[in-house]
Amino acid sequence: MSLAAGYPLIAIPGPSPLPERVLRAAHRISPDIYGTELAATNEHVMAQLKRLAGTTGHLAPYIGNGHAAWEASAANMFHRGDHVLVITSGHFGRSWAQQVNEMGVMVETLDFGALPPEPEALARRLAADRDQIIKAVMVCQTDTASACMADIPALRDAMGDHPALLVVDAIASLGCAPMMMDDWGVDVLISASQKGLMSPAGASFVWFSDRAALRGRTDLTTPYWDWHLRANATPDALWRFWGGTPPVQMIFALDEALRMILDEEGLIAVWARHAALARAVWAAGEAWGQDESGIRLSVADPAARAASVTAMRLPEAEALRAWTAAHCGVTLGIGLGAEDPANALRVAHMGHCSAGMLMGVLGAMQAGMVALGIPHGAGALDAAARAIAEPA
Ligand SMILES: *Cc1c(COP(=O)(O)O)cnc(C)c1O
0 MSLAAGYPLI
10 AIPGPSPLPE
20 RVLRAAHRIS
30 PDIYGTELAA
40 TNEHVMAQLK
50 RLAGTTGHLA
60 PYIGNGHAAW
70 EASAANMFHR
80 GDHVLVITSG
90 HFGRSWAQQV
100 NEMGVMVETL
110 DFGALPPEPE
120 ALARRLAADR
130 DQIIKAVMVC
140 QTDTASACMA
150 DIPALRDAMG
160 DHPALLVVDA
170 IASLGCAPMM
180 MDDWGVDVLI
190 SASQKGLMSP
200 AGASFVWFSD
210 RAALRGRTDL
220 TTPYWDWHLR
230 ANATPDALWR
240 FWGGTPPVQM
250 IFALDEALRM
260 ILDEEGLIAV
270 WARHAALARA
280 VWAAGEAWGQ
290 DESGIRLSVA
300 DPAARAASVT
310 AMRLPEAEAL
320 RAWTAAHCGV
330 TLGIGLGAED
340 PANALRVAHM
350 GHCSAGMLMG
360 VLGAMQAGMV
370 ALGIPHGAGA
380 LDAAARAIAE
390 PA
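Shown next, in the form of structure tokens:
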């Protein structure tokens, strides 16, 4: 018998659950795109996005997903043949490196497998770069596949006075975990609408510092992707922000989502909620992992675990995912990038996610393990409940 009727729960690491309010805000006929109302809303959204990132720097929005923002930023930062260093801790860092490489940039990787980046290794590599040929250090704050969290301030410190730009992909972490772009010395920050920003997929953002802006135009910069045109657009020329017709309903959605994050719940509280929910998932995962069940959180060090997504090895994960979807209306994330994807999964706790939703997800997982006879340690739901009851 299926017990899946009711509100579906998606616990995949993007797109994340859309708040009803965000859906309703988007559910509107387009006003005049040359009128003052939409221009004002767009202007407000741009200001809110800068608040979210912790920057007074520049911001170029794009209609496109995170991959579009990867390409947009590279097309503004690099010349063909430039040498860059990509720090990788999983599938997303490696895909980013490959995409930039295919654009004609010389990519060197500092590969940590599925483990968090070590700042000392970065310091050593940059110290060896005596001619300072490395133009940028690129890193995912959260690699969504391995669920590792990089320590961005520590990586910045490790760069010392090397002139490379620090470029951070915060697609899976912005609005979930602390990011203070200016205070931390991040030169270029990349994110997208459909994860911590609680909005539909299809918009992405590149924030950049004055230092990055000084790169000017390169032989990879084409008019559509040129970040200067977008960042320097004046409010009365809405089409310049977006390189054409603005994504009207997306702007309404972002406006509402950013109001919820920044003006209502508050960014500090949003970060604390993500941290508390993450601890509940880790507590459950560790309890399931007892008695040699073979269940294991992918990131051993709690300090290096992401606030927005948890990856785990779990025997028969693929069968469990199918079971929770069919019987409980709960969709879990695939074991993307895992050594053995059929026996791995990810639980997202990203964006519009409450303790109730998360306990529902963990409860459905527990039910599925019982139904399918997947061995698991006892007490996982109690452990998660304790983490919820006593947030640190
Ligand atoms: C989701 C994600 C991407 C890719 O974003 P798309 O919108 O799917 O193109 C890149 N990097 C990270 C860290 C992500 O989580």
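First residue of the sequence shown: 0, per numbering that gives the first Met the number 0; consecutive thereafter. A virtual CB, placed ideally from N, CA and C, is assigned to each residue, including glycine. In this text, all values refer to a predicted model and were calculated from it rather than measured experimentally.
Proximity test, residue i beta-carbon vs ligand 1 heavy atom, cut-off 7 Å
i                 : result
glutamine 97      : no
phenylalanine 204 : no
glycine 13        : yes
aspartate 408     : The structure shown does not extend to residue 408, since the chain spans only 0 to 391, so no value can be given for it.
aspartate 142     : yes
asparagine 41     : no
histidine 348     : no
asparagine 100    : no
proline 273       : Contrary to the premise, residue 273 reads as histidine rather than proline in this sequence. No, Cβ of histidine 273 sits at least 7 Å from all heavy atoms of ligand 1.
alanine 46        : no
histidine 90      : no
glutamine 248     : no
alanine 388       : no
serine 9          : Residue identity check: residue 9 is isoleucine in the sequence provided, not serine. Every heavy atom of ligand 1 is 7 Å or more from the Cβ of isoleucine 9, so no.
glycine 334       : no
isoleucine 170    : yes
glutamine 193     : yes
alanine 200       : yes
glycine 65        : yes
cysteine 327      : no
cysteine 352      : no
Extent of the continuous beta strand (DSSP E) to which residue i belongs
i              : result
lysine 451     : Only positions 0 to 391 of the chain appear in this structure, which leaves residue 451 out of reach.
methionine 105 : 105–110
valine 205     : 202–207
threonine 143  : Here threonine 143 belongs to no beta strand (DSSP E), and DSSP marks it neither H nor E.
isoleucine 9   : 8–10
valine 166     : 164–168
isoleucine 189 : 187–191
Range covered by the alpha helix (DSSP H) that runs through residue i
i              : result
leucine 253    : 247–257
valine 21      : 19–25
alanine 277    : 266–287
alanine 379    : 379–388
histidine 227  : 226–230
methionine 180 : 180–183
arginine 239   : 237–241
methionine 158 : 151–158
Neighbour-count burial assignment, residue i, 16 or more Cβ in a 10 Å radius
i              : result
histidine 26   : exposed
tryptophan 206 : buried
valine 369     : exposed
serine 15      : buried
glycine 174    : buried
serine 307     : buried
glycine 243    : exposed
serine 29      : exposed
tryptophan 238 : exposed
methionine 76  : buried
glutamate 263  : exposed
glutamate 389  : exposed
alanine 391    : exposed
Please list the segments of the beta strand (DSSP E) lying wholly inside the stretch 309–371, counting only runs of 3 or more residues, in order along the chain. 329–333, 343–347
Across the stretch 104–123 and the stretch 143–156, are there enough close Cβ pairs to call them in contact, namely three or more that are closer than 8 Å? yes
Contained alpha helix (DSSP H) runs [length at least 4] in the stretch 52–136, N- to C-terminal order: 65–76, 90–101, 118–126
Does the pairing of the stretch 85–100 with the stretch 131–140 give three or more beta-carbon distances under 8 Å? yes
When the Cβ atoms of the stretch 271–285 are set against those of the stretch 366–384, are three or more pairs found closer than 8 Å? yes
Would the stretch 288–305 count as touching the stretch 371–379 if we require 3 or more Cβ pairs under 8 Å? yes
Report yes or no: do the stretch 164–180 and the stretch 189–209 share at least 3 C-beta pairs separated by less than 8 Å? yes
Could you say if the stretch 45–53 and the stretch 61–69 meet the contact criterion of at least three C-beta pairs nearer than 8 Å? no
For the stretch 88–104 and the stretch 241–256, state whether three or more C-beta atom pairs, one from each stretch, are separated by less than 8 Å. no
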